[in-house]
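In this note's numbering, the protein residues as written are 2 to 139. For each residue, glycine too, the CB sits at the ideal point set by N, CA and C.
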Amino acid sequence: MSLSASAFALLGLVAWTLLLVFLLVNLRGLLVMSGRMAVNAFAADGSNTPGLGQRLARAHANCVENVPLFAAALLYAMVTGQTQITDPLAPLLLGARIFQSLMHLISTSPLFVWLRFAGFLAQLVILAWWLLRLAGWV
């Protein structure tokens, strides 16, 4: 059984979010095991963890906040048999999501913030296009 591009992107979005969770849990585990932080000292937003920890927490939170929007559109297309609308841009959406997260993890310098924004904007444009097409308005 081969996956459609939409199904692959959907699973990829979930897998990417899961990978970020795995990295976050491991980083926090290392901080606790090394005695650098108490197990109950972590701020939910990651603001009290070292630089990478903060960026990782934000990249994960951003996925949790936005992936459901993309997942809903992809699932709708799959359930209603309209993946011909989502398939062409689904790999680009997944790539843009991974790109955005990687830019988030690498740096908070202005250049990387602009790059991160470009990745996010690409995702928003794709989602808006899909919604217009799926609703039959375009």
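Using DSSP with H/G/I as helix, E/B as strand and the rest coil, what is residue i?
i, result
"Ser3", "coil"
"Trp138", "coil"
Suppose contacts are defined by Cβ-Cβ distances below 8 Å. Is residue i in contact with residue j by that definition?
i, j, result
"Ala16", "Leu94", "no"
"Ile86", "Leu135", "yes"
"Phe71", "Leu116", "no"
"Ala78", "Ala97", "no"
"Leu128", "Ala58", "no"
"Thr109", "Arg37", "no"
My guess is that residue i and residue j are in contact by the Cβ rule of under 8 Å, so how many angstroms apart are they, rounded?
i, j, result
"His105", "Asn63", "7 Å"
Ordered list of beta strand (DSSP E) runs contained in the stretch 14 to 63, each at least 3 residues:
Runs of the beta strand (DSSP E) spanning 3 or more residues and lying entirely within the stretch 14 to 63 do not occur at all.
Which ranges would you report for the alpha helix (DSSP H) in the stretch 75 to 123 if only whole runs of at least 4 residues count?
Taking only runs of at least 4 residues, the alpha helix (DSSP H) segments lying wholly in the stretch 75 to 123 are 84 to 87, 91 to 107.
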